[in-house]
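Asks: Per the numbering used here, the very first residue in the sequence shown carries number 4; after that it's consecutive.
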Amino acid sequence: MKISGVSNIQNVMKAYSKTKAQSVTKPQQKEDKIEISQVGKDFQMAMNAIKDIPDIRLDKVEEIKAQIQSGNYSVDIEKLAHAIINNKI
């Protein structure tokens, strides 16, 4: 019995091993990328600035409190009426 073509089997095995090695490699992972516009950056900066401003102006509160305690606090009735009418209060 004569067996020929062993080299053909070896060629097939080489091709198979190359294909197998290529399929084992991990596919390249794509990176997510985000780009923020200048308007978005400006908005974020404004929001951060607002966070730093206190809700209550303590200096103004203390000033009015001292005026009330000393009896020197007065309200401009005209100004108050206009503010109420214009929904500013």
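Think of the CB as a built atom: it goes at the ideal place given N, C-alpha and C, for glycine as much as any other residue.
Specify the secondary structure class of N90 as computed by DSSP and reduced to three states.
Replies: Within the sequence shown, residue 90 is the residue found at index 87, counting from 1. DSSP places N90 in coil when its eight states are reduced to three.
Asks: Could you spell out where the alpha helix (DSSP H) holding D35 opens and where it closes?
Replies: One-based indexing of the sequence shown puts residue 35 at position 32. That residue, D35, is in no alpha helix (DSSP H); it is neither H nor E in DSSP.
Asks: Under a three-way DSSP split, which group does N51 fall into?
Replies: Taking the first residue of the sequence shown as position 1, residue 51 is located at position 48. In the structure shown, N51 sits in a helix (DSSP, three-state: H, G or I).
Asks: According to DSSP, is D58 part of a helix, a strand, or is it coil?
Replies: Start at 1 with the first residue of the sequence shown, and residue 58 comes out as number 55. Three-state DSSP puts D58 in coil, outside helix and strand.
Asks: Taking the straight line between their C-alpha atoms, what separation do you get for I56 and M50?
Replies: Within the sequence shown, numbered from 1, the residue matching residue 56 stands at position 53. Within the sequence shown, numbered from 1, the residue matching residue 50 stands at position 47. About 10 Å.
Asks: Have a look at I80 and I59 and give me their C-alpha separation to the nearest angstrom.
Replies: As a first step, residue 80 is located in the sequence shown; it is residue number 77 there, counting from the start. As a first step, residue 59 is located in the sequence shown; it is residue number 56 there, counting from the start. For I80 and I59, the distance between alpha carbons rounds to 24 Å.
Asks: Could you check whether I39 and Q47 sit closer than 9 Å to each other, using their CB atoms as the reference points?
Replies: Taking the sequence shown and counting its residues from 1, the one referred to as residue 47 is at position 44. Taking the sequence shown and counting its residues from 1, the one referred to as residue 39 is at position 36. Yes, the Cβ-Cβ distance between Q47 and I39 is below 9 Å.
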